[in-house]
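**Student:** To start, I am sharing the structure in question, which I have written as structure tokens.
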Amino acid sequence: MINLNYFKYFVDAVRLGGVNMAAKNNFVSSPAISQAIRWLEDQYQVELVKHGRNRFQVTEKGQQVFKLATQMIESASDFEEEIKGIVSANEKIKISIQQSLANTFFPSVMSEMKKKHENLDFSIRVGTTFRCKELMERGERNYSISLDNVAFKARFETIHSGKFVFISAKNDKRSIHEAGLILTEDTKEVVELKSAYKKRFKSAPPINTSISSWGVIANMAVSGHGVAYIPEYYLYSLPKDSYRIRKLDVEVAKYKINFYYSDNVELSSLHRELIDQFKKEFKK
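Shown next, in the form of structure tokens:
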């Protein structure tokens, strides 16, 4: 049988950049995470990571399994939420939110909202920008907090504006051309970067890896595996001594974090409070 917990341990280890962080996130020991990954490797006869002391390097097949496992966990979470919706009649704020925002700012926002509304219940679906858009298009969510790098067919209110940055490990002395870029899949800012790079340097950009998670990209960069291209707000989740900002002679993309809502709904007073609380978090 499929062991969802073990797959979640593996996904968290990749997403967070190592066994220790995955253990902390799941309130288990580091050996438990390592044993789960080895069990998956034995069960499916595939090498997921390069095993070595003080090293966590995902293999090419491990990256493929990471993507599939992420989709499976999201589907299981959706199923569980639908079941809960059947047995519970509690009123909830039902939104989708981009993974990187859920990992950085949302916990403190939710905590502040709970202080004002003790019985407030959140129903959250977390995923990529594409996933958030899909949930709105399918009518499973009428509200979403996400970047504007995918075209939502919805009204919106802007929470925060910023720009993308290049980062690498603090001690990585290689040029960006030597180290290579770590990018997400072809969202708007990546398409624009590829075009700008080719125009400026008369060649395609040197791409090491394409992964649909800024968390994974950032952790790969600070581990010395290349130069990540991420929105600057994600720097809040990284230790300041783990990275350095890199410069590349191309125009970087700007972004907006928007609160999207469907045409058939309006913003309630609670949604307004949620937007205002997010704005406060970004000003800290």
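The letter at position 283 of the sequence shown is residue 421 when you use the numbering used here, and the numbering goes up by one with no holes. Cβ coordinates follow ideal geometry from the N, Cα and C atoms, glycine included. Because the structure is a prediction, the values reported are computed rather than measured.
Among all the DSSP beta bridges, which residues are the ones paired with E295?
**Tutor:** Counted from its first residue, the sequence shown places residue 295 at position 157. In the DSSP output, where bridge partners are listed per residue, E295 has F397.
**Student:** What are the residues that DSSP puts in a beta bridge with V187?
**Tutor:** Position 49 of the sequence shown, counted from the first residue, corresponds to residue 187. Looking at the DSSP assignment, V187 forms a beta bridge with V196.
**Student:** Beta-carbon within less than 6 Å of T347's beta-carbon, same chain only, minus the 5 sequence neighbours each way: which residues are those?
**Tutor:** As a position in the sequence shown, residue 347 is number 209, starting the count at 1. Excluding residues within five positions, the ones whose Cβ falls inside 6 Å are I320.
**Student:** So, for V264: in the same chain, excluding its five sequence neighbours on each side, which residues have a beta-carbon less than 7 Å away from its beta-carbon?
**Tutor:** Within the sequence shown, numbered from 1, the residue matching residue 264 stands at position 126. The residues are I235, Q237, A240.
**Student:** If we count the other Cβ atoms within 10 Å of its Cβ and call it buried at 16 or more, is T296 buried or exposed?
**Tutor:** If you number the sequence shown from 1, residue 296 lands on position 158. That one is exposed.
**Student:** Determine, using beta carbons only, whether E279 and L273 come nearer to each other than 7 Å.
**Tutor:** Within the sequence shown, the letter at position 141 stands for residue 279. Within the sequence shown, the letter at position 135 stands for residue 273. Here residue 279 is Arg; the residue named in the question, Glu, does not match the sequence. For R279 and L273, yes; Cβs fall inside 7 Å.
**Student:** Which term fits M139, buried or exposed, when burial requires 16 or more other beta carbons within 10 angstroms of its beta carbon?
**Tutor:** Residue numbering aside, residue 139 sits at position 1 when the sequence shown is read from its first letter. That one is exposed.
**Student:** Quick check: the segment 301 to 320 against the segment 329 to 347, are there 3 or more CB pairs under 8 Å?
**Tutor:** yes
**Student:** Put A391 into one of helix, strand or coil per three-state DSSP.
**Tutor:** Reading the sequence shown from its first residue, position 253 is the one you call residue 391. Reduced to three states, the DSSP call for A391 is coil.
**Student:** So, at 7 Å on beta carbons, what are the nonlocal neighbours of N427 in its own chain, with the 5 sequence-adjacent residues on each side left out?
**Tutor:** Because the chain spans 139 through 422 in this model, residue 427 falls outside it and cannot be assessed.
**Student:** Would you call Y182 buried or exposed, if buried means 16 or more other Cβ atoms sit within 10 Å of its Cβ?
**Tutor:** Residue numbering aside, residue 182 sits at position 44 when the sequence shown is read from its first letter. Exposed is the call here.
**Student:** Using the C-alpha atoms, what's the distance from V403 back to Y372?
**Tutor:** In the sequence shown, counting from the first residue as 1, residue 372 sits at position 234. In the sequence shown, counting from the first residue as 1, residue 403 sits at position 265. Approximately 30 Å, taken between the alpha carbons.
**Student:** Measuring alpha carbon to alpha carbon, tell me which of H189, Q209, M159 ends up nearest F145.
**Tutor:** Against the sequence shown, residue 145 aligns to sequence position 7. Checking every option, the nearest Cα to that of F145 belongs to Q209.
**Student:** R338 by DSSP, collapsed to three states: which one?
**Tutor:** Locating residue 338 in the sequence shown gives position 200, where the first residue counts as 1. Looking at R338 - three-state DSSP - the assignment turns out to be helix.
**Student:** Would you say V365 lies against chain C (beta-carbon separation less than 7 Å)?
**Tutor:** Although the question refers to chain C, the structure presented lacks it and comprises just one protein chain.
**Student:** Please state if the CB of K291 and the CB of S261 are separated by a distance shorter than 7 Å.
**Tutor:** By 1-based counting over the sequence shown, the position of residue 261 is 123. By 1-based counting over the sequence shown, the position of residue 291 is 153. Result no, Cβ atoms of S261 and K291 do not sit closer than 7 Å.
**Student:** For T267, which of helix, strand or coil comes out of DSSP?
**Tutor:** Numbered from its first residue, the sequence shown carries residue 267 at position 129. The answer is helix: DSSP assigns T267 an H, G or I state.
**Student:** Report the partner residues of P369 according to the DSSP bridge assignment.
**Tutor:** Here residue 369 is taken as the residue at index 231 of the sequence shown, counted from 1. P369 is bridged to F302.
**Student:** Beta-carbon separation of R293 and Y374 under 7 Å?
**Tutor:** Numbered from its first residue, the sequence shown carries residue 293 at position 155. Numbered from its first residue, the sequence shown carries residue 374 at position 236. No, they are not a contact pair.
**Student:** Ignore the nearest five residues each way along the sequence and tell me which others in I368's own chain have a CB closer than 7 Å to its CB.
**Tutor:** Residue mapping note: residue 368 aligns to position 230 of the sequence shown, counting from 1. The answer, listed in chain order, is F302, V303, I305, W352, I355, A356.
**Student:** Is the distance from the Cβ of A307 to the Cβ of G362 below 7 Å?
**Tutor:** Within the sequence shown, residue 307 is the residue found at index 169, counting from 1. Within the sequence shown, residue 362 is the residue found at index 224, counting from 1. Result yes, Cβ atoms of A307 and G362 sit closer than 7 Å.
**Student:** Leaving out five residues on either side along the sequence, give the residues of the same chain with a beta carbon under 8 Å from the beta carbon of A161.
**Tutor:** For this step, residue 161 is matched to residue 23 along the sequence shown. For A161, where only same-chain residues beyond five positions count, the Cβ hits under 8 Å are S167, S168, A170, I171.
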